[in-house]
Amino acid sequence: MTIKTKLNALMTPCLALGLGFAALPAQAHFPLMNCWFEGKTVACEAGYSDGSKAIDYAVEMYDYEDNLIAKEMTDKRSIVEFPHPNTEFYLVFDSGHEFPVEVDVVEISEK
7 MTIKTKLNAL MTPCLALGLG FAALPAQAHF PLMNCWFEGK TVACEAGYSD
57 GSKAIDYAVE MYDYEDNLIA KEMTDKRSIV EFPHPNTEFY LVFDSGHEFP
107 VEVDVVEISE K
């Protein structure tokens, strides 16, 4: 075997291994939202699975007929607050990452 043949035999698996690692997807983080009642207020904290905050993002409140009740922005703590409506509702945090997060009123409890 010549040196060139040995070098090619060694380089081919290394190149294939390197390309394989380059094709791995980056670790994705996904949006999360936790909501609770504070008296007559509905509060939610929005963020991401990697622990980062979602500052200045919209959170929308809808009734069960999909009518927009209210829309607020998260603050510097990644928290948003709404007055409790006199109807059933759900909240939506759409960070632009694939699927928005929805929290239904039946999933919310007093903190």
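Heads up: the sequence shown begins at 7 in the working numbering, then just goes up one per residue. All residues carry an ideal CB built from backbone N, CA and C; glycine is no exception.
{"Item": "Pick out the complete beta strand (DSSP E) segments inside the segment 63–113, 3 residues or longer, and give them in chain order.", "Value": "64–69, 74–79, 85–89, 95–99 and 107–110"}
{"Item": "If you draw a straight line from the C-alpha of Pro37 to the C-alpha of Pro106, how long is it?", "Value": "7 Å"}
{"Item": "Quick one, are the C-beta atoms of Asp56 and His90 less than 8 Å apart?", "Value": "no"}
{"Item": "In angstroms, rounded to a whole number, what distance separates the CA positions of Arg83 and Asn92?", "Value": "27 Å"}
{"Item": "Along the chain, where does the beta strand (DSSP E) that runs through Phe43 open and close?", "Value": "Pro37 to Glu44"}
{"Item": "So, at 7 Å on beta carbons, what are the nonlocal neighbours of Asp110 in its own chain, with the 5 sequence-adjacent residues on each side left out?", "Value": "Tyr96"}
{"Item": "Would the beta-carbon of Phe99 fall within 8 Å of that of Tyr70?", "Value": "no"}
{"Item": "By DSSP, does Gly57 sit in helix, in strand, or in coil?", "Value": "coil"}
{"Item": "Beta-carbon within less than 8 Å of Ala60's beta-carbon, same chain only, minus the 5 sequence neighbours each way: which residues are those?", "Value": "Pro37, Ala52, Gly53, Tyr54, Thr80, Ser84, Phe99 and Ser101"}
{"Item": "Rounded to whole angstroms, what's the CA-CA distance from Glu78 to Trp42? Just pull it up for me.", "Value": "16 Å"}
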